[in-house]
Amino acid sequence: AFEHAVSEHAARVLVASNRGPVSYAFREDGTLDARRGGGGLVSGLSAIGPETDALWVCSALGEGDREAVRRGIGEPGVRMLDIDAVVHADAYNGIANSVLWFVHHMLYQTPLEPVFDAEFRRQWVAYEAYNQAFAQALAESAAPEAAVLVQDYHLALVPGMLRDLRPDLRIGHFSHTPWAPPEYFRMLPDDIAEQLLLGMLGASRLGFLTQRWLGAFQSCCRQVLTDYDIDGHWPKDGSPSLDFRLPGHRRRRTELGVHGLGADADFLRERSRRPDVDERMAALREQIGGEERGPGRRRTIVRVDRTELSKNIVRGLLAYRTLLDEHPEWRERVVHIAFAYPSRQDLAVYRDYTAEVSRVAEEINARYGTPGWTPVLLHVKDDFARSLAAYRLADVALVNPIRDGMNLVAKEIPVVSEAGCALVLSREAGAYAELRDDALVVNPYDVSGTADALYHALAMPDAERAERSKRLSAAATALPPQQWFLDQLHALESLDEGGRPG
Ligand code: G6P
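Basically UniProt numbering = 1-based index in the sequence shown + 6.
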C-alpha cells in the first residue's frame, strides 16, 4: 500500500523541473497572461503527445505563477507547485544557483569562497523541503510503476525521497549541467556531498549530457561514498551501472546513460523563416551597416547567451578587442553581435557581471568605433526572434564558456546560419564532444588564443566555412529533443519493476 493516496488521474509519465513549460504574468487589468516556455525540454515533452497522459510538475516562480495556482488557472498536463516563496528563494537562489551551479561549473573564487556556515545550513534545510514538496507531489500524481523523469541540480534529492515514498516507480534523473570532478565536488561539506549523491542514486537511471560528466559523477561516488561499497559495472554492450550497499546490507543498482541533447532542426528552420524574424534581420542589417552583399560586406561574429558567469562573455569581448588591435585590417569590416540576456538577477554577482559585460562592450565601441561603424552590437533585452535573425546572419559563432553542460547555441547557429558559419568553440562545453572535428577549438581562459581563432574563422575561405557548417549542422541535429526524451523514457521503461536494472 502506498503511503499516499494516488489521485484518480494518476499519470504514467511524469516530468519534474524547477522551471516549467509555462509561466504567468499580470496584464495591466490584473488578468493573467500565460506564456509558453521554449527550450529543448518543452519540445521534447510535446513529442510524447496527450494520449500518454503525461504530467509536468514544476514550481511556481514569480507572483504571476503563484496567483495562477491560487486562482486554479493552469494548462492541462502541468501541475505547478506553490512552494513558500522564502523556501523557494533559499533553495533556488541560495543552494541551487549559488552553491550547486557554482560547484558544477567551478565558478568559486576560491581564496574567499565558498563559506559553508550556519546560513548555508539554513538554506540547505529549505532545499530539502523544496525537494520534499516535489517528491510528495510526484508520489500523489504517479500511477503504479509510472516513469518519472526528474530534471537537474535543483531536484537532486528528489529521486531518493520519491523512492522512499513510492518504491514501485521507475525514477530517472537527468543533469543538464556539467558534473564537477571529485577534488572540486569535495569542497562541499562531507555530509552534504554524501546526501546529494545518495539522493541521485535513489533513481533507477541517471542521465548525463556527455561521457565526461558521467565519468566525473562516477568518480565522485567512489571518493565520497566510501561507506557504501560502491561497485561499477561497465559491460561491453549495454549501459554502465553503479552498485552500492544500503543500510541493512541490501544492494541497489543505478543505471547510467549519456544522452547528448541536440538541436531541433525542423522547429528552428520553420521558426527562423517567419516574418517577425525577417523584420529583425532588416533592423540588424541596418545596425551592421556597410554594403549588404558582395566582397565588401561586413562579416559578423555572433554570440547569444544568458548573462551567465559560466558563459565567459567578458573574455569573449576581450578576445574581439585583441582581434581589432592586432589585425587592424578587420576594423570596419566586422561586427560583433553579442546578445546577453538577463539571468538570475536576484544574485549580486550576476548583476555585477551584467554591468561588466556592458562596460567592456562600451569601452570597445568608444575606442575603435567610427561614425559609420559600431564594432559591438550588444543587446540585453531577451528577444527570441532577434536571436534567430542573428543566427541567420552569422559568419562566425562564438561559444566560449568556461564550463557548460552542452550549449545548444553552438548547435543551433550552424543549422540556421544562411551562408554557413565557422564555430569558435570552447573545449569545456559539452558540445565539444560532438562538434570538435569541424569547430575551431579554444581554451576559454586563453584570450589571445581565442582572438587567433576568431581571426582564422574570419579568414577561412567561404567554401570551407560552408562545408564545415554543413557537417556541424548534421552533428548538431543527430539527437533532436523529441528523440532525446523518448530514448530516456524507453530506457527507463525497459528496466525491471521497481526500476531495478535486470
Ligand atoms: C540551465 C539549467 C536549467 C535552467 C536554465 C535557466 O540551462 O540547466 O535547469 O532552467 O539554466 O536558468 P534559470 O535559473 O533561469 O531557470
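Even glycine gets a Cβ: it sits at the ideal position worked out from N, Cα and C.
Taking Cβ to Cβ, would you say residue i is nearer than 9 Å to residue j?
| i | j | result |
| --- | --- | --- |
| R211 | L262 | yes |
| E424 | L399 | yes |
| Y451 | R321 | yes |
| Y326 | V386 | no |
| L478 | V382 | no |
| H160 | Y234 | no |
| V341 | G302 | no |
| V48 | R42 | yes |
| A66 | A152 | no |
| G411 | S181 | yes |
| L204 | R172 | no |
| W130 | I177 | no |
| V310 | A445 | no |
| L460 | R442 | no |
| D96 | R128 | yes |
| S278 | V422 | yes |
| L231 | F250 | yes |
| A22 | V75 | no |
| L464 | I307 | yes |
| R286 | L394 | yes |
Grab me the residues of residue i's own chain with a C-beta within less than 6 Å of its C-beta, minus the 5 sequence neighbours each way, in chain order.
| i | result |
| --- | --- |
| Y114 | F108, P120 |
| V164 | N137, F140, A141, V156 |
| L207 | T260 |
| P187 | A222 |
| T37 | none |
| H111 | S316, R409 |
| R433 | V447 |
| P486 | G268, D270 |
| A484 | G268 |
In its own chain, which residues sit with a C-beta less than 8 Å from the C-beta of residue i, not counting the 5 before and 5 after it?
| i | result |
| --- | --- |
| A439 | T216, Q217, R218, G266 |
| R291 | E298, L399 |
| Y280 | A quick correction: the sequence has Arg, not Tyr, at residue 280. A391, listed in sequence order. |
| L248 | L207, Q224, C227, I236, D237, G238, H239, R259, T260, L262 |
| Q494 | L155, G178, F180, R211, G213, G263, H265 |
| V415 | R309, V310, D311, A403, V405 |
| R275 | V421, V422 |
| E69 | F32 |
Does the ligand MN have even one heavy atom less than 8 Å from the beta-carbon of residue i?
| i | result |
| --- | --- |
| A416 | With respect to the ligand MN, the structure shown offers nothing to examine, as its ligands consist of the ligand G6P. |
Suppose the cutoff is 7 Å on Cβ atoms and the five residues either side in sequence are ignored; what does the same chain contact list for residue i look like?
| i | result |
| --- | --- |
| A497 | R211, G263 |
| G455 | V448, N449 |
| Y359 | T313, L315 |
| D71 | S29, Y30, M86 |
| A367 | L323, A344, V382, L384 |
| N413 | V405, P407, A435, G436, A437 |
| E9 | The pLDDT assigned to E9 is 46, lower than 50, so where the model puts this residue is not dependable, and the model offers no usable value. |
| E499 | A153, R176 |
| L329 | W336, A457, L460, Y461 |
| A7 | For A7, the predicted model reports a pLDDT of 39, less than 50, meaning its position is unreliable; a value from the coordinates is still stated below. Excluding positions up to five away in sequence, the list is empty. |
| N371 | T380, P381, V382 |
Could one say the Cβ of residue i lies closer than 9 Å to chain D's Cβ atoms, at least one of them?
| i | result |
| --- | --- |
| Q217 | No chain D is part of this structure, which consists of one protein chain only. |
Practice task
Give me every residue whose Cβ sits closer than 7 Å to any heavy atom of the ligand G6P, in chain order.
Solution key: Counting only beta-carbon distances shorter than 7 Å to the non-hydrogen atoms of the ligand G6P, the qualifying residues in chain order are S23, N24, R25, N103, Q157, D158, H160, H182, T183, R312, S349, R350, G411.
Problem - Inter-stretch contact at 8 Å, needing at least 3 Cβ pairs: the stretch 391-410 / the stretch 367-381 - result: Taking 8 Å as the limit for Cβ pairs, the verdict is that the stretch 367-381 does not touch the stretch 391-410.
Practice task
Specify whether the stretch 24-31 and the stretch 81-88 touch according to this definition: at least 3 beta carbon pairs, one from each stretch, less than 8 Å apart.
Solution key: Two segments are said to touch when three or more pairs of C-beta atoms, one from each, lie closer than 8 Å; by this definition the stretch 24-31 touches the stretch 81-88.
Handout entry: Cβ contact check for the stretch 183-194 and the stretch 143-153: 3 or more pairs under 8 Å
Key = Segments in contact, no.
Practice task
Determine, using beta-carbon pairs with one atom in the stretch 479-487 and one in the stretch 269-285, whether at least three such pairs fall under 8 Å.
Solution key: The stretch 479-487 is in contact with the stretch 269-285.
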